[in-house]
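Per the working numbering, the very first residue in the sequence shown carries number 1217; after that it's consecutive. Yeah, the Cβ is synthetic: ideal placement off N, Cα and C, and Gly gets one too. Quick caveat: nothing in here was measured; it's all calculated off a predicted structure.
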Amino acid sequence: MFLTRISVGHPVFATMMMAAIVILGLFSWQRLPVEQLPNVDIPVVAVVVAYDGASPEAVENDIVRPIEDSMATISGIDTIRSTAQAGQAMVLMQFDLDVSSAEAMDNVRDRLSSIQAVLPERADAPTILRFDPSAMPIISIAVSSQVRSIPELTTLTEDMIVNPLRNVGGVGSVSVVGGLPAQVDVTLDPERLAAQGIAVTEVMAAIRDNAADLPAGEINEGATQQSIQIRGSLENVEDFRRIIVGRQGGQAVYLTDVATISIGAAEASSLAFLNGGRALAVDVMKVQGANTVQVAHDIVAAAEQLAATVLPDDVEIQVIASDATAIEASVEAVQNMLIEGAILSVVVVFLFLNSWRSTIITGLTLPISIIGTMFALYVLGFSLNIMTLMGLSLSVGILIDDAIVVRENIMRHLNMGKGPRQAALEGTKEIGLAVMATTLSIVAVFLPVAFMEGIMGRFFLQFGVTVSVAVMISLFVAFTLDPMLSSVWYDPDAEPGAKRGPIGRMVGRFNRWFEAVTRGYVGVLRWALRHRLVTLAIAFGLFFGSFPLIPLIGTEFLPSQDNGKVSVNIETLPGSSLDYTAARAVQIGAMLREDPAVATTYTSIAGAVVGSGTANAATISVTMVPHDERSITAQEFAARTRELLQRLPGLETVISAEDSFGPGGKPVEIIVYGDDTETLARIGEQIAARLAQIEGLADIDSSMNAAQPQIGIQVDNLLASELGISLQQISGALTPMMSGSSVAEWTAPDGESYDVVVRLEEAARSEIGALGNLPIGTNPQTGEVARLDQVAAITRTVGQSEILRQDLDRRVTIDANIAPGAPPDVLTQVASISQEMVLPDGYRFGLGGDAEALAESGASAASALLLAVIFIYLVLASQFGSFLQPVAIMASLPLSLIGVVLGLLVGGSTLNMMSMIGFIMLMGLVVKNAILLVDNANQQVRERGANLYDALVAAGRVRFRPIIMTTLAMILGMTPLALNLHQGSSQNAPMAHAVIGGLISSTLLTLVVVPVMLTYLQSFGRFVGRFLPRAPHDEGRTHGREGEPPRAAS
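Shown next, in the form of structure tokens:
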């Protein structure tokens, strides 16, 4: 071959090419960013609108529906999900993946601007947020103190921790979670307001007018232009007291006459605890493209430096979450698996070739291919993440295959008595077509994987490209470095009768035993060719016999992984206060920390990623001790915690172990769409009851929670009109009094900024009986202040805490977790519920969770599988110049299914996305053996004039050794992954189980089934060839010798 001739003829040039690949790879490796996941652009945009004081129903009608209607007509939109809570709306839009995030943001922004006038005036301006994985915190640090209050700790954290961390290289932003910033509290006294005849809105307007800094234009003075800024005269808190808020009998009424003014702290809307003590969390986000691990390490170093030199002794800081931990564990696991797989693969080479030089020559392919792949990743803009690392770990056994086949054939030619140069050239040329076909078949498989549809397709893009690049580099090395070294590096072990040491003699005995195995195989092959129908019947029987085993394999979207993180979500009874929920969460956290497997617990109450959480919801993030210091997995701990918390009354709990993709949602999810919330709630209860009867389900929950206690205010419109009070005035007065309202931002002389917040005193906001006395407005005719109980009836009631919607309909979601040891058909039983239940007219089912994700990804994987099979055929037909021979070679594909089923059952794996990718991967691997066999048979026919029977027997004898060698190398290369020996490898283990099982079954059956299929196809080709027109010069050459594959037909 061209590359081989150049390399053998110019060994220095070939060496320099390999050196260049290694140098470029090492150079790129140092510069590759290290991430948890590939940087995927997911076009998801959220619109959040605050609507203080509004009920969920009002938020739905006034905010959500207008936004949904305007967004529904945007081109490329896929799904709209909305949540209407008391005082807030969130509309989440997911676009088709071919729409960029920037384009999605622009489209949403344009539509919002067109409906701005339709939204209520009291609603805040909409906030547009884009989903950006790089904007998520890469590290969170807890800050706590035993002696400081939370407001004091907040100020200290902002000044002494946040600002220095912002200066660390690669840091994009730093935020404080759970802090209580200082503010100017204007605490209103409702009795004094009524006595002075002052409305709340007048107080707010007066503060706003006096505390603001206003622009007043510009002035040109000579060659300079200066802006004019009007500043209020409020130099300190005492100045607020002298603000005039109204007049009573001609006398000025000051703010101090109706309110108490002080520097205080914001009311806690959420709480955070570290190991049971109050704490703050400092979240650090990196800039896009920065190295996650490096930035996280720099942040930790900076925090430790601050603790040692700047922070007071009572302030403690502790890392509670870091992406670097999981990433480093994944990288270390892959490195270990690469080394272990490489050692096992190289052992195979030595075992069969019985030569240290052959082992070194063949083994060099591994580091060169892996290091060279780093250069390709760098050029393509990829990162080192779980997908690229998984591709490298799985390809260890594949990368050495080409080199094994080439070196084994060169050794065979050396044993014929040829010189090293001649053996290198002729041995490589003889096997070159087959090696190229096998490698291109693997690339033909992985390219469709790289371009699968959907979000999973985007994530697997880097996986498929990584493997494709690595195997192409290994092919290049096998055609250049291996024959060059074989020609210049004399190998005395290749000489017949060479003297060997103890190890060599032991390996020699193995090879003599293997020769006996080879003779046994040749005998089986002869029998199979003489009993073709029986052979095919056995193969078909095994193939169809594996089908009954498939239901025994469970299904899930992604396999679980032990990352040492468990999320415990709890909900107390609806209407529970923030303090009550915090007390229950702290109690549970203490119970969890009694387990020796638990390192830390971080608890957040009423927290949410987007929007606001509810006071009765808490999340406890459990970090377990290192993997080698505990005897249970994160999944087992989650199951144990589930049993523990079931005994506690008044709690709803959801416990799940986190994986590489985050906590995620529950694997079981049934959705019902409709209009009426009561009907949806009733249907949800029925489905939850059905799910409770399915063995293996846990944490069953409905999104239609129990009714939320509410206070209803029914306004008498006639009475209100007589008093000159409008509904807008009532709402505008009650909202700031009850919830508090920031009316201005005041800058103190020291430069610190404070929100000025107006609200009622605590006593007036704590009793329902006090509501009636609240002043809500002034009668324009009499000047008297009207109380709430003069125009409205106040009652206790209940209502929904939130309304969920999807694609313009209301919905209820019933979800559940799958407990360890669940039956394999649990998802099938869940899916049967939607088939058996009859819904009222206008209501419909939808599936989410693993069922939906598996269906979508399964369809994409099936398309990739079909494309892989087509591409393999195209490659083989092009390489062999035949239409029928590729069909015989591809007969090995369905035979791999037998091993896939058995491999998943023996390995305890499920049918999931990873095992599906493993099955697709098999399509390229199992044809390698058949290619080697058929290619040699063709050479026997073409060069020696043998008939097909003799050619197949001779090919089996010659190719049995390299086929077994390459198969064992691939199997042993993936064995460390299949055994799940390292933390973080469990999620990829099903892929290895599928591949190893499929390789074993397909190899054993390919060695006899493919030759039999080839003889049948040869007869079929002859039959068809009789009816095909031939050119005169082709007459007499079509059929060749008896048994020879037909030229025209094939």
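{"Item": "Every unbroken alpha helix (DSSP H) within the stretch 1925–1988, with a cutoff of 4 residues, ordered by chain", "Value": "1933–1938 and 1943–1955"}
{"Item": "Identified DSSP bridge partners for Y1889", "Value": "R2027 and R2060"}
{"Item": "Ordered list of alpha helix (DSSP H) runs contained in the stretch 1295–1379, each at least 4 residues", "Value": "1317–1331 and 1366–1373"}
{"Item": "Cβ separation of L1608 and A1660, assumed to be a contact under 8 Å, to the nearest whole Å", "Value": "That pair is no contact at about 20 Å."}
{"Item": "Rounded distance between the beta-carbons of G1303 and A1341, thought under 8 Å", "Value": "Actually they are not in contact, since the Cβ atoms of A1341 and G1303 sit about 15 Å apart, beyond 8 Å."}
{"Item": "Segment limits, beta strand (DSSP E) that includes T1998", "Value": "Neither: T1998 is in no beta strand (DSSP E) and is coded neither H nor E."}
{"Item": "Chain-order list of residues whose beta-carbon lies under 8 Å from that of V1324 (same chain, five-residue window excluded)", "Value": "V1261, V1263, M1287, I1290, M1309 and I1344"}
{"Item": "Presumed contact (8 Å Cβ cut-off) between D1514 and V1384, rounded CB distance", "Value": "5 Å"}
{"Item": "Pair within 8 Å by beta-carbon distance, L1496 and A1484", "Value": "no"}
{"Item": "When A1666, G1643 and P1583 are compared against S1690, the one with the closest alpha-carbon", "Value": "P1583"}
{"Item": "K1781 versus D1844 - alpha carbon distance", "Value": "15 Å"}
{"Item": "Pair within 8 Å by beta-carbon distance, T2126 and T1849", "Value": "no"}
{"Item": "Exposed unless 16 or more other CB atoms sit within 10 angstroms - verdict on Q1362", "Value": "exposed"}
{"Item": "Minimum C-alpha distance to D1529 - residue among L1372, G1900 and A1415", "Value": "L1372"}
{"Item": "Proximity to A1300 [Cα-Cα], best of E1273, E1983 and S1223", "Value": "E1273"}
{"Item": "Cβ pair A2008, I1910 closer than 8 Å", "Value": "no"}
{"Item": "Counterpart residues of L1496 in DSSP-defined beta bridges", "Value": "V1359"}
{"Item": "beta-carbon F1760 near the ligand NAP non-hydrogen atom, thresh 7 Å", "Value": "Judged by which ligands are present, the structure shown has none, so any question about the ligand NAP falls away."}
{"Item": "Y1267 in three-state terms, based on DSSP", "Value": "coil"}
{"Item": "Burial state of V1228 (16 or more Cβ within 10 Å)", "Value": "exposed"}
{"Item": "Span separating the alpha-carbon of T1893 from that of V1973", "Value": "36 Å"}
{"Item": "Beta-carbon proximity of I1533 to V1359, cut-off 8 Å", "Value": "yes"}
{"Item": "Among A1398, L1976, G1993 and S1538, nearest to S1937 - alpha-carbon criterion", "Value": "G1993"}
{"Item": "Given 8 Å, three or more beta-carbon pairs between the stretch 1609–1628 and the stretch 1567–1583", "Value": "yes"}
{"Item": "Rounded straight-line distance, which links the Cα of G2074 to that of L2081", "Value": "10 Å"}
{"Item": "T1816: first and last residue of the uninterrupted beta strand (DSSP E) it sits in", "Value": "V1814 to I1821"}
{"Item": "Supposed close pair T2182, I1586 - CB separation, criterion 8 Å", "Value": "That pair is no contact at about 18 Å."}
{"Item": "Stretch pair the stretch 1627–1643 + the stretch 1659–1678: three plus CB contacts closer than 8 Å", "Value": "no"}
{"Item": "Length-filtered (3 minimum) beta strand (DSSP E) runs lying within the stretch 2111–2195", "Value": "none"}
{"Item": "Integer Cβ distance of A1481 from Q1399, believed to fall under 8 Å", "Value": "7 Å"}
{"Item": "Distance between D1811 and V1825 (C-alpha atoms, nearest Å)", "Value": "The predicted position of V1825 is uncertain, since its pLDDT is 45 and thus under 50; a value taken from the coordinates is nonetheless stated next. Spanning the two alpha carbons is a distance of roughly 29 Å."}
{"Item": "Residues bridged to R2238 (per DSSP)", "Value": "The partner list for R2238 (beta bridge, DSSP) is empty, contrary to what the question assumes."}
{"Item": "Boundaries of the beta strand (DSSP E) in which L1554 is found, first to last residue", "Value": "Where L1554 is concerned, there is no enclosing beta strand (DSSP E), although the alpha helix (DSSP H) it sits in stretches over D1539 to L1569."}
{"Item": "Coil, strand or helix - Q1464 by DSSP", "Value": "strand"}
{"Item": "Nearest neighbour of A1914, chosen from A1986, G1956 and I2030 [CA to CA]", "Value": "I2030"}
{"Item": "Residue interval of the alpha helix (DSSP H) (run including A1518)", "Value": "T1508 to T1525"}
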